[in-house]
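Protein chains in written order, with this note's numbering: chain U, 44 to 597; chain V, 406 to 649.
Below: the structure, in structure tokens.
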Amino acid sequence: MVRRVALVGAELEENLSLRYLAASVAEDGFRPELIPFNAAADVERVVARIAALDPLVVGISVPFQTRARELVGLVGLLRARGVRAHVTLGGHFATFEYANLLRDFPAVDSVVRHEGELTLSDICRRVRDEEPVAGIPGTVTRGAAGLVDGGRRPLPPLDDLPFPDRRGTPREILGIASGPLVGSRGCYADCSFCCIHAYHRNADGPRYRTRSPENIVAEMREEYERRGVRLFVFHDDNFLVPSLRRNLERCRRLKKLLQEAGLDEIALVIKCRPTDVHTELFALLRSMGLIRAYVGIETNSDEGIVSLNRRVTPEDNRRALTVLRDLGIYCSFNVLMFDPEATLDGVRANLGFMQRFADVPFNFCRAEVYAGTPLKRILEEQGRLRGDYWAWGYEMRDPRVEVLFRIVTTAFAGRNFKSDGIANLTLGIRFDNEVMRRFYPDAWDPVWHETLIDLTRRVGLDSVRGLERSLAFVSAEDVRDGDTVKRFTMALCREVARADLEFVTECKAFRGEIVRRIRSVADWPVLSRDTAPALASSVGMGVSTEILPVPIQI
Amino acid sequence: MGATDKARRAAAGMAGVAVATAGLSNCDGTGAVDPPPPPLQCSDVSTGQNLFAQAARDDSTVLVTIQNFAQGGMTAASITDTTGPVQLLLVNGPTPDTNRGITLVFHVLDFQVPTATFTLNATFQISDGPECTITRTFTLDLSGGGVTVTSDRADPLPLGSRAPAVIALGERRGHRVELEATTSYAGRWQASWTVSAGTLDDPTARRVRWTLPDEPGVHQAELLVDYGPDGLAVDTIMFEVGAA
């Protein structure tokens, strides 16, 4: 009998971490089942589904701290429902917090540390053969004398791994099938806040590994031919290496292989560091179909660059966005405006950068403290780390900066962090525009394009204005005066909310215009296998309100 | 996707009035957006934000009770570094009988000295598993024949609680929608609502009924939750009224 392995995690998109695991255990003769667990409200459905499967092993992916409680909390509910399978946790959070998790959650049998493909397959074989799991390289389990650490498992060459499990139909964006993939794992840089760097540095192997171009194109060809994928979203944390020559060689090879495989009319999305943006390289990538680059700006303040260990200069940041702007490549960035050493001057420097590049969609937030990172260690050594292993926090050294962070986090919470906040909507509408430009060129024109850039700029400048006012407030007022701070924050909250109403209204109208334009040139629905009555939005699903029905008469 | 988002989506499929942003980007992640991480919420237990103390005095005896009203209870406690004119006589708890709090009894040695301090070192069990420890110093004010107890605040700066407020979407009938203010904040809080158009039945209730206008367009309800000295939080929800 083929034994089932239940793999649980978020599946808001095709979850590559689960799907690589699924492919790996399938190769060993097990039957993987992907169990999406996208929100706390899914828990009953998830528990019932797993209980019904009666799997041999349950693997729960716990990559991020924000949802760690929900994901780990699932284990107790599974046991209460009578699930007797071996339950193992994996992912970044579990890799670092294995001791706390195994201490606090007796229902968990093991933790898989670092990359899990080979380790999970070993666990499944041992459990099936009724052999002990303890001691498997890459695992930590409980023993009579405490934790049993199986030691680190050497990281495998990426070309040796089977392609991820691609069951299901791909997501569509404006009728274009989209699929995520990775051409590398890890990052060559060592930013202090970065969990990717921490995760790979802690593993037994290089902290940045690449797949061969041949291996990548083989997977893309399979996706192109079998599922019709045209939009390839590279989820590499960093698509490039710190060598223009090597990047050019690799990308030229990729381009040649794509052409030989007949993979034309495709689009690419990548992420990179600003230091690796060069005109020649990105002109090449654009010729290969690059329609979007996420550029890790993170900070443009001198002290932020040092405390976050960015190893870039403000000039690198400026040059990167200018090169992409000149090449007409859509990009976006995020600013870690607040970090433990942030100063008012540093905030001012970041605001200047955001103002200068307000035509590029951006967002801003605080550098969060993730497990295993240098930032956590530094704060711990300084006695500044607050919270617990579920959620670490800190206060900035300058109380005025700390209060500024609190004010803007409160006032911009809806704009910056909600999935349907205007910051994300602007990113989405700009991406839709690039998809339209690439795949429906007759529906696109430069005037329309400028209209969307203008919306981006107005949203960006509105954020900058609110931040500047807040900066002026904390510079001039007594930030320990709770009533004054609250009054200011309340007024700012209302201003941001009012502006967002106008921006969202505008964004929604633009979205309707994109649909209208595409329908005017495309033979809808022939372009898509999606039977929904409207074109799916840039990130996805839930499209039922694009054509608004007549209101019910009360 | 949170429960609220799910509710919004479910509502979006209904006729007449639609949640405004449904159908636009929503972070489902196909390469369009890279949302920033919202600030992690440290648990109220480990930051000690909801640690409350009360004191009563009877001649030369002071009784102090300390409890945590957030998600976890105290499992162990010790008192150290007592200073000033008091002597610790008794520590009762933490036990289930004391609702996982502790009771302290002090003997006042000198009525001329107005203040005393002591330090609590406590372990808390968070409801779903892990333990954490906090240390907090309390001050007893014995002046005027009474007694008050205050602690060094977990957070002396304003806007200390960053517990988000979330609007939960309730029943919908035509242009009338029911909205509920929700928050994980454990202390006292007050909701207030404003809308860009239409009418609210009670703008300060936690659960309100909003009657949207007939005019087509996108309309917004804004919830502001006031946590008192701990700050405030805001959430909004938008609806679109379609053309008749």
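Just so it is clear, CB atoms sit at the ideal spot from N, CA and C, and this is done for glycine as well.
To which residues does DSSP link residue i through a beta bridge?
i      : result
U:F236 : The partner list for U:F236 (beta bridge, DSSP) is empty, contrary to what the question assumes.
U:S221 : U:R214 and U:L274
U:Y251 : U:G229
V:R611 : BP columns for V:R611 are empty, so no partner.
U:K298 : According to DSSP, which records beta bridges pairwise, U:K298 is partnered with nothing at all.
U:V403 : In DSSP, U:V403 forms no bridge with anything.
V:L468 : V:A461 and V:V510
V:N526 : V:S483 and V:T540
U:C315 : U:V338
U:G52  : U:P79
U:A66  : For U:A66, which the question treats as bridged, DSSP gives no partner whatsoever.
V:R581 : V:R578 and V:T616
U:S104 : U:G133
What's the C-alpha gap between residue i and residue j?
i      : j      : result
U:N290 : U:V284 : 6 angstroms
V:P519 : V:P490 : 8 angstroms
U:S60  : U:H157 : 11 angstroms
U:L394 : U:L510 : 8 angstroms
U:D524 : U:R537 : 20 angstroms
U:V558 : U:E215 : 14 angstroms
U:G194 : V:Q595 : 52 angstroms
U:I465 : V:T609 : 27 angstroms
V:L605 : V:E645 : 17 angstroms
V:P621 : V:H580 : 11 angstroms
V:Q459 : V:T544 : 11 angstroms
U:H321 : U:R530 : 47 angstroms
V:T588 : U:K299 : 55 angstroms
V:P618 : U:I472 : 28 angstroms
U:G52  : U:P207 : 15 angstroms
V:W615 : U:N467 : 27 angstroms
U:R47  : U:M263 : 28 angstroms
V:Q517 : V:Q492 : 15 angstroms
U:L190 : U:P197 : 20 angstroms
V:N497 : U:V507 : 54 angstroms
Taking the continuous beta strand (DSSP E) assigned at residue i, which residues delimit it?
i      : result
V:Q492 : V491 to N497
U:I459 : It should be noted that the sequence gives Asn, not Ile, for residue 459 of chain U. Counting along the chain, U:N459 falls outside any beta strand (DSSP E), and DSSP gives it neither H nor E.
U:V154 : S153 to V155
U:L333 : L333 to V338
U:E545 : Per DSSP, U:E545 belongs to no beta strand (DSSP E); it is in the alpha helix (DSSP H), G525 to V564.
U:M44  : Careful: U:M44 lies outside any beta strand (DSSP E) and carries neither H nor E.
U:S375 : C374 to F381
U:H492 : That residue, U:H492, is in no beta strand (DSSP E); its alpha helix (DSSP H) goes P489 to A519.
V:I572 : A570 to R578
Please return the same chain residues whose Cβ sits closer than 7 angstroms to the Cβ of residue i, not counting the five positions on each side in sequence.
i      : result
U:R92  : I78
U:L144 : V115, L132, A137, V151 and V154
U:P106 : S60, G134, H135 and F136
U:T532 : I450, T453 and A454
U:A542 : D505
V:R611 : E585, A586 and A596
Among residues of its own chain, excluding the 5 on either side of residue i, which ones have a beta-carbon nearer than 6 angstroms to its beta-carbon?
i      : result
V:D433 : Caution applies to V:D433, whose pLDDT of 41 falls short of 50 and renders its modelled position unreliable; the value that the coordinates give is listed next. Excluding sequence neighbours, V:D433 sits near nothing in its chain.
V:A638 : P569, A570 and V630
U:V517 : R443, V446 and L447
U:L355 : First, the amino acid is wrong: residue 355 of chain U is Val here, not Leu. Only P317 and T318 meet the Cβ criterion.
U:A385 : M439 and V444
V:N538 : The sequence shown places Thr at residue 538 of chain V, rather than the Asn named in the question. Hits under 6 angstroms: T528.
U:N58  : G52
Kindly indicate the opening and closing residues of the alpha helix (DSSP H) around residue i.
i      : result
U:L367 : P357 to L370
U:W433 : Careful: U:W433 lies outside any alpha helix (DSSP H) and carries neither H nor E.
U:E262 : P256 to R269
U:F325 : T322 to S330
Enumerate in chain order the residues of its own chain whose CB-to-CB distance from residue i is below 8 angstroms, with the five nearest sequence positions on each side excluded.
i      : result
U:D85  : P79
V:V552 : A460, A461, R462, V467, L545 and D546
**Prompt:** On the three-pair Cβ rule with 8 angstroms, is the region 338-348 of chain U touching the region 373-383 of chain U?
**Reply:** yes
**Asked** In the region 339-368 of chain U, which residues sit with their C-beta less than 7 angstroms from some C-beta in chain C, listed in chain order?
**Response** Annotation note: the requested chain C is absent from the structure, which comprises protein chains U and V.
**Request:** Count the C-beta pairs between the region 158-175 of chain U and the region 141-149 of chain U that are closer than 8 angstroms, then say yes if the count reaches three, no if not.
**Result:** no
**Asked** Pairing CB atoms from the region 483-501 of chain U with CB atoms from the region 232-239 of chain U, are three or more of them under 8 angstroms?
**Response** no
**Request:** Would you check if there are 3 or more beta carbon pairs closer than 8 angstroms linking the region 549-563 of chain V to the region 435-455 of chain U?
**Result:** yes
**Message:** Using 8 angstroms as the cut-off, can you tell me whether the region 257-270 of chain U makes contact with the region 192-208 of chain U, which would need three or more C-beta pairs spanning the two stretches below that distance?
**Reply:** yes
**Message:** Under 8 angstroms: do the region 419-438 of chain U and the region 352-371 of chain U share three or more Cβ pairs, one atom per stretch?
**Reply:** no
**Asked** Does the pairing of the region 407-422 of chain U with the region 353-364 of chain U give three or more beta-carbon distances under 8 angstroms?
**Response** no
**Message:** Can you confirm whether the region 262-279 of chain U touches the region 238-245 of chain U when touching is taken to mean that 3 or more C-beta pairs between the two stretches lie within less than 8 angstroms?
**Reply:** no
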